[in-house]
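Protein sequence lines, in the order shown, are assigned to chains A and B.
Residue numbering for the first sequence is 5 to 240, as defined by the working numbering.
Residue numbering for the second sequence is 1409 to 1525, as defined by the working numbering.
What follows is a single structure, written as structure tokens, with notes after it.
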Amino acid sequence: MVGETDSAPRHAAYDATIERIVEHAPDTRSIFLRLPPPQRLAFIPGQFISCLIPQDDGVAVRPYSIASNPEDADVLEICLNLVPGGFGSTYLFGLAIGARVRFTGPWGTFTLHRQPEAECVFVAEGTGIAPIRPMLRRALASGGRFPLRLHYAAPGAAHLLYADEFVQAARAHPRFTFAPAVGESLQEVVTRQYLAGDEDRTRHFYICGVGTIVPTLRDLLRGGGYERRAVQYEKW
Amino acid sequence: MAKLRILFETGAPERTIEFDPVKAPFQHDGLPGSVLDILLGHGVHLEHACGGNCACTTCHVIVKGGDGQLSEAEENELDLLDKAPGLTATSRLGCQAVIQDNADVTILIPRFTINAA
């Protein structure tokens, strides 16, 4: 019985099957989740699903951004790091192809339906690229004349996910610039290019990453004259 | 010790939880000692679609008393609340509002916690 004293999630859960696992690096992988036909998950680029992680004393909820596109909604890709001591990633890294994953969703308000009438700057760090990837694709597909940029930081080339795809997109779309930042400080890049570089404060930013870099960039940009709502972010 | 009184907009009978903040966390999700942590740890349901990571608004609660005995909202929480349906001057995200020791706080759980996406 579900009552006010029941702490289990109440939203309808999907039961997906792991169809494929891609190991980007020993501690970073993509997991492809297939929904049983005819189920599809309608979502907006940037949203996440919440995986239900079994615990001895119930279920814990751990969110993972959807790295695939809404157009491919019968198979969802999530990408994640193995976090030492993190029971969500430890659990998911322990699952093999064919295993079942329960989740709810889609969730989240860090989204992009279509590119705003302004230059868009996407900033991602590590697996923070996951929600940015479908957002960027949607922005490219929505047409428009405004420039699009992606600054993507990772500790090494192996952790720079989907780099080939972004290089190809930059070739196909002259208004898109892919700027990988391997071993480079995003704080310095953003300061140099969008604060010290000019007086233009009309740009829109979409920032995603893990830890303090996200609020640091948010505060830099808002403090530097960009409007609050022009700086959207998700911190994991 | 601290006290958390919970009112439900659904009309369900109110609950009061007395707890020792030092013993937080009481379960897995939300900041230790947060409203979400206290509720889930004492068998009271509150939505928390993002696992209490301050990435959605489904744990939106309205503080009816003891507002000053909660941790201050940080910018991330304020940005999310900005998108929460039914926002009030005393709205908080349950996963982020940490209850201080000796506090006596009353919250209302709205009827609908919606993910405003």
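Cβ atoms here follow ideal geometry from the backbone N, Cα and C, with glycine treated the same way.
Model, not experiment: these values are computed from the prediction.
Top-ranked residue by Cα proximity to residue i, from the options
i: residue 39 of chain A; options: A:48, A:109 and A:195; result: A:109
i: residue 1509 of chain B; options: B:1473, B:1414, B:1428 and B:1419; result: B:1428
i: residue 169 of chain A; options: A:225, A:182 and A:126; result: A:182
i: residue 176 of chain A; options: A:123, A:155, A:129 and A:141; result: A:141
i: residue 124 of chain A; options: A:148, A:130, A:75 and A:133; result: A:148
i: residue 232 of chain A; options: A:209, A:105, A:71 and A:214; result: A:209
i: residue 1430 of chain B; options: B:1494, B:1447, B:1410 and B:1424; result: B:1410
i: residue 111 of chain A; options: A:135, A:88, A:42 and A:122; result: A:135
i: residue 1494 of chain B; options: B:1482, B:1419 and B:1465; result: B:1465
i: residue 189 of chain A; options: A:180, A:127 and A:234; result: A:127
i: residue 74 of chain A; options: A:139, A:187, A:179 and A:61; result: A:139
i: residue 1458 of chain B; options: A:226, A:154, A:15 and A:122; result: A:15
Counted within 10 angstroms of its Cβ, other Cβ atoms place residue i as buried (16 or more) or exposed
i: residue 1443 of chain B; result: buried
i: residue 69 of chain A; result: buried
i: residue 1506 of chain B; result: buried
i: residue 1528 of chain B; result: Here chain B covers residues 1409 to 1525 and nothing more, so residue 1528 of chain B does not appear.
i: residue 24 of chain A; result: exposed
i: residue 161 of chain A; result: exposed
i: residue 19 of chain A; result: exposed
i: residue 49 of chain A; result: buried
i: residue 67 of chain A; result: buried
i: residue 115 of chain A; result: buried
i: residue 100 of chain A; result: exposed
i: residue 1419 of chain B; result: exposed
i: residue 192 of chain A; result: exposed
i: residue 105 of chain A; result: buried
Same chain only: Cβ atoms within 6 Å of residue i, ignoring 5 sequence neighbours per side
i: residue 118 of chain A; result: 146
i: residue 205 of chain A; result: 229 and 230
i: residue 218 of chain A; result: 211, 237 and 239
i: residue 85 of chain A; result: 31, 32 and 131
i: residue 1438 of chain B; result: 1444, 1445, 1460 and 1503
i: residue 77 of chain A; result: 44 and 45
i: residue 1454 of chain B; result: 1444, 1447, 1467 and 1502
Proximity below 8 Å, CB of residue i to CB of residue j
i: residue 167 of chain A; j: residue 184 of chain A; result: yes
i: residue 1485 of chain B; j: residue 1467 of chain B; result: no
i: residue 1517 of chain B; j: residue 1417 of chain B; result: yes
i: residue 1472 of chain B; j: residue 1412 of chain B; result: no
i: residue 55 of chain A; j: residue 91 of chain A; result: no
i: residue 35 of chain A; j: residue 96 of chain A; result: yes
i: residue 164 of chain A; j: residue 194 of chain A; result: no
i: residue 22 of chain A; j: residue 45 of chain A; result: no
i: residue 1478 of chain B; j: residue 1488 of chain B; result: no
i: residue 71 of chain A; j: residue 137 of chain A; result: yes
i: residue 199 of chain A; j: residue 173 of chain A; result: no
i: residue 1491 of chain B; j: residue 216 of chain A; result: no
i: residue 1425 of chain B; j: residue 1456 of chain B; result: no
i: residue 234 of chain A; j: residue 196 of chain A; result: no
Sequence-distant residues of the same chain with beta carbon closer than 7 Å to residue i, five excluded per side
i: residue 1474 of chain B; result: 1511, 1512, 1513 and 1514
i: residue 102 of chain A; result: 21 and 22
Cutoff 8 Å; reference residue i; Cβ partners in own chain excluding five residues on either side
i: residue 98 of chain A; result: none
i: residue 1498 of chain B; result: 1470, 1471, 1472 and 1475
Got a sec: which bits of the region 53–82 of chain A sit with their beta carbon under 7 Å from any beta carbon on chain B, in order along the chain? 54, 59, 64, 65, 66 and 67
Check each residue of the region 105–128 of chain A: if its Cβ is closer than 9 Å to any Cβ of chain B, include it; give the result in chain order. If the cut-off is 9 Å between Cβ atoms, the region 105–128 of chain A has 108, 109, 110, 111, 112, 113, 114 and 115 near chain B.
Scan the region 1456–1481 of chain B for residues whose Cβ lies nearer than 9 Å to a Cβ of chain A and list them as they occur along the chain. 1456, 1457, 1458, 1459, 1460, 1461, 1462, 1463, 1464, 1465 and 1466
Contact set between the region 1434–1447 of chain B and chain A, restricted to residues whose Cβ is under 8 Å from the partner: 1435, 1436, 1437 and 1447
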